[in-house]
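Notes to accompany the following structure.
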Amino acid sequence: MANKEHFSTEVKVLNELGLHARPAAKLAQEAQKFAAMIKVSFGDREVDAKSILDILTLAAPCGSTLTLWAKGEDASEAVTHLSQLFAQRFGEEK
Numbered sequence: 018m019a020n021k022e023h024f025s026t027e028v029k030v031l032n033e034l035g036l037h038a039r040p041a042a043k044l045a046q047e048a049q050k051f052a053a054m055i056k057v058s059f060g061d062r063e064v065d066a067k068s069i070l071d072i073l074t075l076a077a078p079c080g081s082t083l084t085l086w087a088k089g090e091d092a093s094e095a096v097t098h099l100s101q102l103f104a105q106r107f108g109e110e111k
């Protein structure tokens, strides 16, 4: 979904151990490359995607669906790039 500068998409956690420290670190590291404000929400919680600690508080297990959204000049690219990380299991086999 998108309006002028706000983009969002749903992603699924495919990693067997859920969104644990390694993928959370990768997500935060990659999110920091974009100027856009980027948030991740799970259930009724929404956190800063640029903070590993915030991401870990979601405690998102394998199979959970999260919403990625971004607002700003490179929001579209950020959502596309970060959703690919989820689809590729952050480079992990399981």
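Quick note: the sequence shown uses the working numbering, first residue 18, plus one each step.
Note that CB positions come from ideal geometry on N, CA and C, so glycine has one too.
The model shown is predicted, which means the values in this text are computed figures rather than measured ones.
Quick check on the DSSP output: the beta strand (DSSP E) that includes residue i runs from which residue to which?
i, result
"K29", "23-29"
"R62", "62-65"
Short of 8 Å in beta carbon distance, which residues of its chain neighbour residue i, apart from the five on each side in sequence? Order them along the chain.
i, result
"F107", "N32, R39, P40, K43, L44"
From residue i to residue j, what distance separates their C-alpha atoms?
i, j, result
"F59", "K50", "22 Å"
"D71", "H37", "12 Å"
"A19", "G35", "Caution is warranted here: a pLDDT of 49 is assigned to A19, below 50, making its placement in the model unreliable, and the coordinate value is therefore given only provisionally. Approximately 27 Å between the Cα atoms of the pair."
"Q105", "S81", "15 Å"
Give every residue of the same chain whose Cβ lies closer than 6 Å to the Cβ of residue i, excluding the five residues on either side of it in the sequence, and list them in chain order.
i, result
"I69", "A41, A42, A45"
"V28", "L83, L85, S100, F103"
"T26", "L85, V96, S100"
"S93", "F24"
Let me check understanding here. Comparing Cα to Cα, which of the options lies closest to residue i?
i, options, result
"E63", "S81, W86, C79", "W86"
"K56", "L34, G35, L83, A76", "L83"
"K111", "M54, A95, P78, A66", "P78"
List the whole-angstrom C-beta distance separating residue i from residue j, where the pair is believed to meet the contact cut-off of C-beta under 8 Å.
i, j, result
"H98", "E47", "7 Å"
"G89", "A53", "3 Å"
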